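J.:
2 protein chains.
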Amino acid sequence: MDTIQSDSYPIFFDDSLSELITFIKQGKYSRTFVLTDENTSAQCLPVLEPLLAELDNYDLIEINAGEESKNIDFCVGVWKMLIDFGADRKALMVNLGGGVVTDLGGFVASTYKRGIDFVQVPTTLLSQVDASVGGKTGVDMDGIKNIIGTFTQPKAVFMSAAFLKTLPERQILSGLAEMLKHGLICDADYWKELKNSDLSLPSVELIYRSVEIKNAVVIEDPQEKSIRKALNFGHTIGHAVETNSILNDERPLTHGEAIAIGMICEAWLSHKKAGLPKEHLHEISTVLNGLYPKYPVPDTCHNVLYELMQKDKKNTEKQINCTLLTKIGCFSIDNICTEDELCASLRYYAAL
Amino acid sequence: MDTIQSDSYPIFFDDSLSELITFIKQGKYSRTFVLTDENTSAQCLPVLEPLLAELDNYDLIEINAGEESKNIDFCVGVWKMLIDFGADRKALMVNLGGGVVTDLGGFVASTYKRGIDFVQVPTTLLSQVDASVGGKTGVDMDGIKNIIGTFTQPKAVFMSAAFLKTLPERQILSGLAEMLKHGLICDADYWKELKNSDLSLPSVELIYRSVEIKNAVVIEDPQEKSIRKALNFGHTIGHAVETNSILNDERPLTHGEAIAIGMICEAWLSHKKAGLPKEHLHEISTVLNGLYPKYPVPDTCHNVLYELMQKDKKNTEKQINCTLLTKIGCFSIDNICTEDELCASLRYYAAL
Chain X
94 MDTIQSDSYP IFFDDSLSEL ITFIKQGKYS RTFVLTDENT SAQCLPVLEP
144 LLAELDNYDL IEINAGEESK NIDFCVGVWK MLIDFGADRK ALMVNLGGGV
194 VTDLGGFVAS TYKRGIDFVQ VPTTLLSQVD ASVGGKTGVD MDGIKNIIGT
244 FTQPKAVFMS AAFLKTLPER QILSGLAEML KHGLICDADY WKELKNSDLS
294 LPSVELIYRS VEIKNAVVIE DPQEKSIRKA LNFGHTIGHA VETNSILNDE
344 RPLTHGEAIA IGMICEAWLS HKKAGLPKEH LHEISTVLNG LYPKYPVPDT
394 CHNVLYELMQ KDKKNTEKQI NCTLLTKIGC FSIDNICTED ELCASLRYYA
444 AL
Chain Y
94 MDTIQSDSYP IFFDDSLSEL ITFIKQGKYS RTFVLTDENT SAQCLPVLEP
144 LLAELDNYDL IEINAGEESK NIDFCVGVWK MLIDFGADRK ALMVNLGGGV
194 VTDLGGFVAS TYKRGIDFVQ VPTTLLSQVD ASVGGKTGVD MDGIKNIIGT
244 FTQPKAVFMS AAFLKTLPER QILSGLAEML KHGLICDADY WKELKNSDLS
294 LPSVELIYRS VEIKNAVVIE DPQEKSIRKA LNFGHTIGHA VETNSILNDE
344 RPLTHGEAIA IGMICEAWLS HKKAGLPKEH LHEISTVLNG LYPKYPVPDT
394 CHNVLYELMQ KDKKNTEKQI NCTLLTKIGC FSIDNICTED ELCASLRYYA
444 AL
């Protein structure tokens, strides 16, 4: 499998992760810090440790697993550990984990001593196809996702399919939603290929294609001024549904489950407002509804969801901006949607 | 007085601050937030308020005055206020204050929703000639200055001499130390002019010249990889003395008072290690010692000061890097100094 070259950094596809060790050695870093969470310490670190043993020294920093840890308090904990370890500006941070670890670790590294180098080693399908490419770092605050963060590129990304084998099916499906999104916004053939594949464990080739699509978009618009907004398809409604679920459900939706709901709703909006043909809407709804469990979105929660959408950092002056589809494989950004339209789309999903 | 053009933003010299209002109006910001501390709310905001009244809306956010407020807790407070106010990505932050307000406000703005626009309105001599130019933002942690922060440029800087008239003499002297440093590292004529001036309130022309020097240096090396380190002259030892004073003294040294001590010590190191002629060392010591009150630096505190220098973000792998002078007006970066040399320089200062 080839290496993908992003704007300023390479994305390695290498199950052995030997490229990672070569990278660290060549970088002549003063010290290497590996950030993990409880899960990746147990599941993924053992894969890495024999390789890390080749280094002169490295230190481990562990945070709690889960979106609840993605906050400024955990950043303070990691910053203080870096200070205690005497980390200098030539230190390297290796973020080994899912989106929480890569987003939080990237933010901590990008702000420690005004920025030290970091690399991403995403260990979930979701973080491989989404969080680890594109240079967005961040943590949540007051229930708002990624509200505090920076745009900072990692020095490299290392993808290993070895990590995916231990993932529960629900986590695979979570990442799959982003892959399906990449097809829907940019590549009808890829969408078609995906929906006809065995999706219990997507092949490296399919993952590679997804990273290629995301990478091409973010290279063109790193700061999300224009076409990067394409990646927000499904996320205006999906983020609100996800946040609401995290705040209220005992077993919250995964990111992908929420985004799948968002994509169905926003496909409906695309049909109403952006010319998405009826048969395309039908196809999207059928595929997504078949893959993801049905989730109740009663009329009584529309108010709360709408408020969450207004707080979303994508939106300005309380107007809700959606990325919609004009057909499968083609997007249209900056479509202002009214509260009535958004609620109607939620009703469309509920009635499926 | 001309406007100085920095890398990506203008630095306006305009006592009336009318340019600030023009800037805000032309920027079509969704909302304007003015960050102050207790002191600038009382002393400086009244100057701005008649102008701000021309805007459709603006909101005030106030933090406590003083270096003790320059921490992550106050950032969280300001981030949460921005969230509560519903600030979107097109909001503007106006940082009205000294270095604490401009550094903390810059950091908060550069990380809120991954970065909103901010402008600096420095109200002390120190922040006018130092903190507000160069795109360094940050806050302190565990007693280490500016350890968490970003390199982010403001959209503009607005200098008004009107604010300086209310400053106590000690604050003027604090800023003056940085001006003298600019002369010492880059411009012997400017140093000469400064030392022969009435320094109780430096003229706008002298301030302008200082900003010109700092701006020229940071444009060439925004990320402090090379020549920007020139600005660290006096700061390796000065920062340690300052931090130690903040932690221990009832009435801590100002930044400038500490940097003046640092410059005397590092001038001695420059004489020993970098060829600074003896008469230049004598001249520097005499001028600085005459302007700033003598401060006790007994041998018993050398240990603590050395530990603080090791934690300074300028230093790597526990080696202490100093910027030294080869003569007045010329600097030399990356001079490694041993513990013995650093302690000897402190003894030189103590014996003056």
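Residue numbers (the working numbering), protein chains in the order written: chain X, 94 to 445; chain Y, 94 to 445. For every residue, glycine included, the Cβ atom is placed at its ideal position computed from N, Cα and C. Note that the structure is predicted; figures quoted are calculated from it, not measured.
1. With a threshold of 8 Å between beta-carbons, can residue 290(X) be considered close to chain Y, or not?
2. Which residues share a DSSP beta bridge with residue 103(Y)?
3. Along the chain, where does the beta strand (DSSP E) containing residue 151(X) start, and where does it finish?
4. Under 7 Å, CB to CB, which of the residues in the stretch 235-250 of chain X have a partner in chain Y?
5. Taking C-beta pairs closer than 7 Å, name the residues in chain Y that residue 169(X) reaches, listed in chain order.
6. So with CB distances below 8 Å, who are the chain X contacts of residue 205(Y)?
7. Please report the residue range of the alpha helix (DSSP H) in which residue 108(X) lies.
8. Classify residue 324(X) as buried or exposed, calling it buried when 16 or more other Cβ atoms lie within 10 Å of its own Cβ.
9. State the DSSP-derived secondary structure class of residue 267(Y), mapped to helix, strand or coil.
10. Of the choices 214(Y), 276(Y), 273(Y) and 226(Y), whose alpha-carbon is the least far from that of residue 257(Y)?
11. Chain Y partners of residue 101(X), CB-CB under 8 Å?
12. Taking Cβ to Cβ, would you say residue 227(Y) is nearer than 8 Å to residue 307(Y)?
13. What are the boundary residues of the alpha helix (DSSP H) that residue 354(X) is part of?
14. Quick one: grab the DSSP three-state call for residue 182(X).
15. What does the alpha-carbon distance come out to for the pair residue 133(Y) and residue 206(Y)?
16. Give me the residue from 152(X), 421(X), 232(X) and 372(X) with the minimum Cα distance to residue 285(X).
17. Give me whichever residues DSSP pairs with residue 205(Y) in a beta bridge.
18. Under a CB-based cut-off of 8 Å, is residue 307(X) close to chain Y?
19. What's the C-alpha gap between residue 126(Y) and residue 217(Y)?
20. Using a beta-carbon distance below 8 Å, is residue 208(X) in contact with chain Y?
21. Could you tell me how far apart the beta carbons of residue 100(Y) and residue 240(Y) are, in whole angstroms, since I believe they sit closer than 8 Å?
22. Residues of chain X with CB under 8 Å from residue 229(Y), in chain order?
23. Can you list, in chain order, the stretches of the alpha helix (DSSP H) that have 4 or more residues and sit fully within the stretch 357-444 of chain X?
24. Between 290(Y), 334(Y), 361(Y) and 369(Y), which has its C-alpha nearest residue 400(Y)'s C-alpha?
25. Between the stretch 97-130 of chain Y and chain X, which residues of the former have a C-beta closer than 9 Å to a C-beta of the latter?
26. Based on Cα-Cα distance, which residue from 294(Y), 343(Y), 274(Y) and 186(Y) lies nearest to residue 117(Y)?
27. DSSP has residue 210(Y) in a bridge; who is on the other side?
28. Measure the C-alpha to C-alpha separation of residue 298(Y) and residue 370(Y) and round it to an integer number of angstroms.
29. Please compile the residues from chain X whose C-beta is within a distance smaller than 9 Å of the C-beta of residue 172(Y).
30. Give me the chain X residues within the contact set of residue 176(Y), using Cβ-Cβ distance strictly less than 9 Å, ordered along the chain.
31. Does DSSP put residue 281(Y) in a helix, in a strand, or in coil?
32. In the DSSP assignment, find the beta strand (DSSP E) that holds residue 127(X) and state where it starts and stops.
33. Please name the residue or residues paired with residue 249(Y) in a DSSP beta bridge.
34. Rounded to whole angstroms, what's the CA-CA distance from residue 359(Y) to residue 443(Y)? Just pull it up for me.
35. Who pairs with residue 190(Y) in a beta bridge, going by DSSP?
36. Nearest by alpha-carbon distance to residue 453(Y): which of 387(Y), 236(Y) and 429(Y) is it?
T.: Straight from the coordinates:
1. no
2. DSSP output for residue 103(Y) lists 98(Y) as bridge partner(s).
3. Residue 151(X): member of the beta strand (DSSP E) spanning 151-156, first to last residue.
4. 235, 237, 240, 241, 242, 243 and 244
5. 165
6. 240 and 241, listed in chain order.
7. Run containing residue 108(X): none; DSSP gives neither H nor E here.
8. buried
9. helix
10. 214(Y)
11. By Cβ distance, chain Y contributes nothing, its closest Cβ being about 14 Å from residue 101(X), past 8 Å.
12. yes
13. 348-366
14. coil
15. 26 Å
16. For residue 285(X), the nearest C-alpha among the options comes from 421(X).
17. 241(X)
18. no
19. 20 Å
20. Interface annotation, residue 208(X): in contact with chain Y, CB-CB separation under 8 Å.
21. Going by Cβ atoms, the distance from residue 100(Y) to residue 240(Y) rounds to 24 Å, so no, they are not a contact pair.
22. 207
23. 371-384, 395-404 and 432-443
24. Closest in C-alpha terms to residue 400(Y), from the list 290(Y), 334(Y), 361(Y) and 369(Y), comes 334(Y).
25. Result list: 123 and 124.
26. Minimum Cα distance to residue 117(Y) is reached at 186(Y).
27. 185(Y)
28. 30 Å
29. 165, 234, 235, 240 and 241
30. What residue 176(Y) touches in chain X: 234, 235, 237, 240 and 404.
31. The answer is helix: DSSP assigns residue 281(Y) an H, G or I state.
32. 124-130
33. 212(Y)
34. 13 Å
35. 215(Y)
36. This structure leaves residue 453(Y) out entirely; chain Y is present only between 94 and 445.
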